[in-house]
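The structure appears right after this line, and notes come after that.
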Amino acid sequence: MSIPLHAGTENCVGPEKGEITPAFEKQSDELVSRYPVSKRSAVLPLLHLWQETFGYIGPRGVEWIAKKLSLQEIQVLELVTFYPWFRQKPYGKFHFRVCRTLPCALGGAGKTFAALQKLMNLKSDGHEGAMVSEDGRFSLEYSECLASCGTAPVVLRNDEFYEKVDEKRASDLVTGCR
Amino acid sequence: MAISQYRLVFKHIDSPGYTRDIACYQKHGGYEMLKKGLAMGPAGIRDEVKKSQLRGRGGAGFPTGTKWSFIDPAKVTKPIYLICNADESEPGTFKDRQIIYKDPHQLIEGMILSCFANGVKLAYLYIRCEFTEGWKILETALAEAKAAGFLGKNILKSGYDLEIYVHRGAGAYICGEETGLIESLEGKRAYPRIKPPYFPAVLGLYMCPTIVNNVETLCNVKHIVEMGGDAYAKIGRPNNTGTRLLCVSGDVVRPGYYEFPCGALTLGQLIYDVCGGIRNGRKLKAVIPGGSSAKVLRAGETYKMKAKDIHGNMVDRDVKLEDLPMDFDSLAAAGSMAGSGGVIVMDDTRDMVECLANISTFYAHESCGQCTPCREGVLWLKKILARIADGHGKDEDPTLLKDVADRIAGRTICAFGEAASWPVQSFLGKFKEEFQLRIRRNGTAAKTDTVSLTH
Amino acid sequence: MNPWNHDVAKDEKDLVDVQVDGVWMQMPRGLNVVEVAHRAQKFIPHYCYHPKLSVVGNCRMCLFEMGTPKMGPDRKPVLGADGKPEIAWMPRPQIGCATNITPGMGIRTDSALVKDCRNGVMEFLLINHPLDCPICDQAGECKLQEYSVEYGTGASRFVENKVKKPKNVDLGERIVLDDERCILCSRCIRFSSEVMKDDVLGFVNRGSHSTLTAYPGKSFDNAYSLNTADICPVGALTSKDFRFQMRVWFLKETKSLCASCGTGCNVTIGSREGKVHRLTPRENEAVNSQWMCDFGRLNFHYLESKDRLHRPLLRAAGEQFPGTWADAIQRSVDGLKKVKPEEIAVVASSRLTLEELFVLKRLLAELGVNRVDTVPNPGQADNFLRSGDGNPNSRGTELLGLSSGGRKLGSWGTEIESGKIKALFVLGGEDLIASGLPASTLAKLDLLIASGILTNETTRLAHVVLPGAAFAEKTGSMVNVHGRLQRMTRAIAAPGEAREEWTILRDLRMALTGGNSFHSVEDVWKSMAAEVSQLSGLNWARIGDLGIQIESVAQAAGVKAG
Ligand SMILES: Cc1cc2nc3c(=O)[nH]c(=O)nc-3n(C[C@H](O)[C@H](O)[C@H](O)COP(=O)(O)O)c2cc1C
Ligand code: SF4
Ligand code: SF4
Ligand code: SF4
Ligand code: FES
Chain A
1467 MSIPLHAGTE
1477 NCVGPEKGEI
1487 TPAFEKQSDE
1497 LVSRYPVSKR
1507 SAVLPLLHLW
1517 QETFGYIGPR
1527 GVEWIAKKLS
1537 LQEIQVLELV
1547 TFYPWFRQKP
1557 YGKFHFRVCR
1567 TLPCALGGAG
1577 KTFAALQKLM
1587 NLKSDGHEGA
1597 MVSEDGRFSL
1607 EYSECLASCG
1617 TAPVVLRNDE
1627 FYEKVDEKRA
1637 SDLVTGCR
Chain B
11 MAISQYRLVF
21 KHIDSPGYTR
31 DIACYQKHGG
41 YEMLKKGLAM
51 GPAGIRDEVK
61 KSQLRGRGGA
71 GFPTGTKWSF
81 IDPAKVTKPI
91 YLICNADESE
101 PGTFKDRQII
111 YKDPHQLIEG
121 MILSCFANGV
131 KLAYLYIRCE
141 FTEGWKILET
151 ALAEAKAAGF
161 LGKNILKSGY
171 DLEIYVHRGA
181 GAYICGEETG
191 LIESLEGKRA
201 YPRIKPPYFP
211 AVLGLYMCPT
221 IVNNVETLCN
231 VKHIVEMGGD
241 AYAKIGRPNN
251 TGTRLLCVSG
261 DVVRPGYYEF
271 PCGALTLGQL
281 IYDVCGGIRN
291 GRKLKAVIPG
301 GSSAKVLRAG
311 ETYKMKAKDI
321 HGNMVDRDVK
331 LEDLPMDFDS
341 LAAAGSMAGS
351 GGVIVMDDTR
361 DMVECLANIS
371 TFYAHESCGQ
381 CTPCREGVLW
391 LKKILARIAD
401 GHGKDEDPTL
411 LKDVADRIAG
421 RTICAFGEAA
431 SWPVQSFLGK
441 FKEEFQLRIR
451 RNGTAAKTDT
461 VSLTH
Chain C
-12 MNPWNHDVAK
-2 DEKDLVDVQV
8 DGVWMQMPRG
18 LNVVEVAHRA
28 QKFIPHYCYH
38 PKLSVVGNCR
48 MCLFEMGTPK
58 MGPDRKPVLG
68 ADGKPEIAWM
78 PRPQIGCATN
88 ITPGMGIRTD
98 SALVKDCRNG
108 VMEFLLINHP
118 LDCPICDQAG
128 ECKLQEYSVE
138 YGTGASRFVE
148 NKVKKPKNVD
158 LGERIVLDDE
168 RCILCSRCIR
178 FSSEVMKDDV
188 LGFVNRGSHS
198 TLTAYPGKSF
208 DNAYSLNTAD
218 ICPVGALTSK
228 DFRFQMRVWF
238 LKETKSLCAS
248 CGTGCNVTIG
258 SREGKVHRLT
268 PRENEAVNSQ
278 WMCDFGRLNF
288 HYLESKDRLH
298 RPLLRAAGEQ
308 FPGTWADAIQ
318 RSVDGLKKVK
328 PEEIAVVASS
338 RLTLEELFVL
348 KRLLAELGVN
358 RVDTVPNPGQ
368 ADNFLRSGDG
378 NPNSRGTELL
388 GLSSGGRKLG
398 SWGTEIESGK
408 IKALFVLGGE
418 DLIASGLPAS
428 TLAKLDLLIA
438 SGILTNETTR
448 LAHVVLPGAA
458 FAEKTGSMVN
468 VHGRLQRMTR
478 AIAAPGEARE
488 EWTILRDLRM
498 ALTGGNSFHS
508 VEDVWKSMAA
518 EVSQLSGLNW
528 ARIGDLGIQI
538 ESVAQAAGVK
548 AG
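Here it is as structure tokens:
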């Protein structure tokens, strides 16, 4: 989980691409309206929205959200770096999260991960955090318990959830990426 | 298999043809209890919940009626909030997921009733974002309920208004801790608050009185309204009333989720009868009975417990691991806890060093980092364990591990400190020889005969 | 001024019984256990707790054993043989910073459990600490170092790799951060957010990797930022100005005042061998609490400026030459004697002490000079400590009747031009040219005497220049904008032949009027206290280190407005 300090700037390749559309504005306003007492509460929802729209949360996202909610940028960056779901650099088009916590480990998560890593041709750079393939197609990381321990090992591929992912299923998941 | 499930909360889960839309829910009697509850009035519902002796299903087992009684809607001048804790992040636990994915309206009905009972006008449903479909299901269900007049302004013409919003977490276990959750919902790092003074019932969300209840707890409220507190209290055992959702994972033939009256079955029955015993014809070695934070139990152990003899006198009785009733008090008496209902089973091929190292990696990753003993100590534990697993253990490591864990538990801001220390204390206490052996056989050979679980 | 004041009891007379380490005592209701222990002379070590900031309880250093009165079946406390309630001790230690005392509470600050708790926290804090005390600026003032001697075990059992974090991070113009030393107590963040309302600092990352930072591209340099270096319990935040200057244990500490605005923040001057190394705020709830502004804190380097006046200067043949004090005084006396009292004008200075002003007042009375005023010096008021008055003792000059707030001054230019004013005595380094008087006007004077610390346009034109002493170089008293009388104390000697102004004025007075000599600045005070009604009955001991209110704050504000 160790993200270098100021990862917010160092890890990002340029500003997050893409326009802020009126639809995006509208969606964020709707999210903010769910917190009539304190709009600061909308930081997490807006970070989700940003990441889903732009792929990751770089300085542009942090600054846009801070402005939207009348916060200081640091108050947003504090959250981006606290919550593991958020990323500050682009991940692969297909991002895999393999649960590594005890029940999944007992179920063979280690093998699943190794199989995925091999299939995606990823090398660990020694840092914790996600590995991203050179062509930007795949990325892979471990995740902590995904609350489906009865069907271990489990994997999230982007938003899709897969259960009992042994090495065979892992290979299907990779080849099934389109 | 003699014991059959008692499906109350899970009644419709996985039953053929049952869908999660409101039409199906209503066809099965859905939202009828809301009508009944509105007629009972807030105090009426609170009374029944009190009588039911329902204990929270989120982990701590705190009596829900008592928790609610800390807030008197008649006296409180600030707004009162209710938050449904759907963070389900305790390793080994996957019961709330079933409810959210397969029967969301049950939760929503329970939540509306609980809000009504406590004078709540604005409530949040804090769900872990890894339930990538779950939050959308809940949003849809809330919209359906609103369209049907069960939510929003003037619910069923009762004059009662309520808004419920879904709020997604972002992958941090500590958001399950209720005050960490509140901070997170306020848009901050999920740093648990010090208690005193920040008890949620007094200074919760936005510094207002706040009730935080688990998904399963809130579902039970619906059933309490349905059957009445006294009838509900008859399910299970005294002080351990109602049903319990149990999630079994690890080395059993049939892992999964089950529902039983609290304490109606033993740990042995759960593992051998319900779950078909240990996988691959192996033997039981260890079991964690209430989520990864609970202390591990070792196969072959017996526990001293108070029990009534045939004359009605309290006597000490030796209870075997297999005979432990699956309820709050029995598991506590065995030195562990019922916790979140997540039962993790390990067979006799499992290396306890690897298992503990895996667990400690989880806690080191999830410590919020706010308070010194947990922030520094838990990572230290992980590093020592990883080193032992790697074949570089030292003779003094077991003592050091225990010392470090002892200096975390009971000295931190939140119960995460205990959650991270108990596994270490119990694994070392119960499998010390295994750690010593691993240290003695240091070097490259150390890992060859075990499956590595540290990644 | 502070959002919190945990060290101040709501009511010092509303007392409850508590037992501290076995001894029953009475303490004000509502105080927390750290403060109660402090009052009981039982120190409870702490890092994150600060009496002026919100309580977060994150360091866990202040854990103590807590008990409550044992209750009998009748729900009344069970009394022991001594007639005092018996105490039921809780198995779990509690944090002193977040626990307010209640009647009958038992507090143990030195039990085996408490010691083990502290020992544990110390070990935890040190495992990832770089242990670079030999090159750390905080050494000597570091709570980690201090407590580890007292509560630590010594040998480390940690053999793993330490967590690496950024070192030498430039947070802004004045502060450097070493994240490896930071113990994540959040004091600096709370100060910035709660006291300054300036959210620039925060923690990024999580768990053991949590790291203090400013938002990339934003700097932490609000007007009070250096206070965080004071309250940082370790050497994580350090002042660039003071970095690598001096080991703190070599510093002589002198209680004094900041003279850079009308607030008169109480300070400690840290000096060594005639050199001031730093100013740090000295707690005074009536003035500055525990804070001071960065401007005032750093506004002492001029003491060593190359423009500093070291020797008296005398003008001859259009140039200034160094001379002796005797010559300078004689030249001044001769010049003043040549003109009539009504042809003399005096610019007193609100930078001078009351004592200096009083000697001046005597002198002017004896000479019969009436034309006296001060130069207003508008400062940059903020909503916190900085006052809109850039002079430290404007209330003092008003009190002694030596100022009309600059109103008289306005006509002096024309009066010099018309020959009505022939001699001008400018004190305290006031620069009339900078305040708008043309040099050509001053050039018309028969006599211009200027005292001051630094060379300026006015001193350059003067016939006699009398080098004076700066705030750190003198002893005396001042009245701040809120009507509080406070004392400043000399920390170092003035450089070269420069002298405290009261001695210059005393010598002038002796030579001019033969007025009684004052042997010491205390003598001056005594005469002044006898004469000035607002000061009557006061002596330095009564003023004390924290000063004394001689006008109500409202009164002072009224005078200023009027
Ligand atoms: C570290 C930690 C993690 C927790 N995680 C969860 C969780 O994921 N879900 C949950 O309902 N309660 C969790 N809890 C318990 C909550 O703090 C809280 O007690 C609970 O939500 C109250 O609901 P209940 O009374 O209905 O059980 C956690 C507690 C701790 C200390
Ligand atoms: S115990 Fe751990 S998780 Fe809880 S507040 Fe302290 S550092 Fe955070
Ligand atoms: S820099 Fe100092 S004051 Fe700030 S959090 Fe770190 S140790 Fe505390
Ligand atoms: S506020 Fe004024 S007196 Fe206080 S430190 Fe700043 S300049 Fe000095
Ligand atoms: S002073 Fe830090 S926890 Fe009390």
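The listed protein sequences correspond, in order, to chains A, B and C. Going by this note's numbering, the first residue of the first sequence is number 1467, and it counts up by one from there. Going by this note's numbering, the first residue of the second sequence is number 11, and it counts up by one from there. Going by this note's numbering, the first residue of the third sequence is number -12, and it counts up by one from there. In this text, a Cβ means the ideal position worked out from N, Cα and C, and glycines have one as well.
- Within a 10 Å sphere around the beta-carbon of residue 394/C sit fewer than 16 other beta-carbons, which makes this residue exposed.
- Distance check between residue 137/B and each of 122/B, 109/B, 162/B places 109/B closest, using alpha-carbon atoms only.
- Interface criterion met: the Cβ of residue 44/C is under 8 Å from a Cβ in chain B.
- Closest in alpha carbon position to residue 1520/A, among 1585/A, 1559/A, 1499/A, is 1559/A.
- Around residue 342/B, the same chain offers 348 as residues with beta carbons nearer than 8 Å, after the five sequence neighbours per side are excluded.
- Runs of the alpha helix (DSSP H) spanning 4 or more residues and lying entirely within the region 121 to 174 of chain B occur at 144 to 157, in chain order.
- Residue 262/C is bridged by DSSP to 259/C.
- The set of residues whose C-beta lies within less than 5 Å of a heavy atom of ligand 4 reads, in chain order, 245/C, 247/C, 248/C, 250/C, 252/C, 279/C, 280/C, 283/C, 372/C, 373/C.
- Under the three-state reduction of DSSP, residue 288/B is assigned to strand.
- Contact between residue 330/B and residue 312/B is confirmed by a C-beta separation of about 5 Å, below the 8 Å threshold.
- Scanning the region 1553 to 1598 of chain A from its first residue to its last, the whole alpha helix (DSSP H) runs of 4-plus residues come out as 1568 to 1572, 1575 to 1586.
- Under the three-state reduction of DSSP, residue 10/C is assigned to strand.
- Per DSSP, reduced to three states, the secondary structure at residue 76/C is strand.
- Taking the CA atoms as reference points, residue 475/C sits about 13 Å from residue 487/C.
- Rounded to the nearest whole angstrom, the C-alpha separation of residue 178/C and residue 266/C is 19 Å.
- In the structure shown, residue 19/C adopts extended strand secondary structure according to DSSP, grouped into three states.
- Per DSSP, the unbroken beta strand (DSSP E) holding residue 439/C starts and ends at 434 to 439.
- Nearest C-alpha to residue 483/C among 354/C, 309/C, 28/C: 309/C.
- For residue 193/B, the shortest separation between its Cβ and any heavy atom of ligand 1 does not lie below 7 Å.
- The beta carbon of residue 328/C is closer than 7 Å to those of 354, 355, 356 in its chain, skipping five residues each way along the sequence.
- Residue 243/B and residue 441/B have their C-alpha atoms spaced approximately 39 Å apart.
- If you look at residue 230/B, you'll find it isn't in any beta strand (DSSP E); it sits in the alpha helix (DSSP H) that goes 225 to 237.
- The alpha-carbon separation between residue 236/C and residue 1556/A amounts to approximately 51 Å.
- In this structure, the straight-line span from the alpha carbon of residue 330/C to that of residue -5/C is close to 56 Å.
- Apart from the 5 residues on each side of it in sequence, residue 418/C sits with its Cβ closer than 7 Å to the Cβ of 443, 444, 445 in its chain, given in chain order.
- The beta carbon of residue 166/C sits closer than 8 Å to the beta carbons of 152, 153, 154, 156, 198, 199, 200, 223 from its chain, once the five residues preceding and following it are set aside; these are given in chain order.
- DSSP, reduced to helix, strand and coil, places residue 51/B within a helical segment of the structure shown.
- Proximity of the beta carbon of residue 199/C to ligand 3 is indicated: a heavy atom of the ligand is located closer than 7 Å.
- Leaving aside the five residues that flank residue 27/C on each side, the residues in its chain whose CB is nearer than 7 Å to its CB run, in chain order, 7, 12.
- Residue 211/C and residue 281/C have their C-alpha atoms roughly 5 Å apart.
- Under a criterion of Cβ atoms nearer than 8 Å, the residues of chain B adjacent to residue 194/C are, in order, 374, 375, 376, 377, 378, 379, 385, 388, 389.
- A distance below 6 Å between beta-carbons, with the five flanking residues on each side excluded, links residue 317/C to no residue of its chain.
- Note on geometry: alpha-carbon atoms of residue 1569/A and residue 43/B lie some 37 Å from one another.
- Of all alpha-carbon atoms in 314/C, 441/C, 362/C, 139/C, the one lying nearest the alpha-carbon of residue 494/C is that of 314/C.
- With fewer than 16 other Cβ atoms from the protein chains shown falling within 10 Å of its own Cβ, residue 76/C counts as exposed.
- Proximity of chain A to residue 163/C at the Cβ level (cut-off 7 Å) is not reached, the minimal Cβ distance being about 14 Å.
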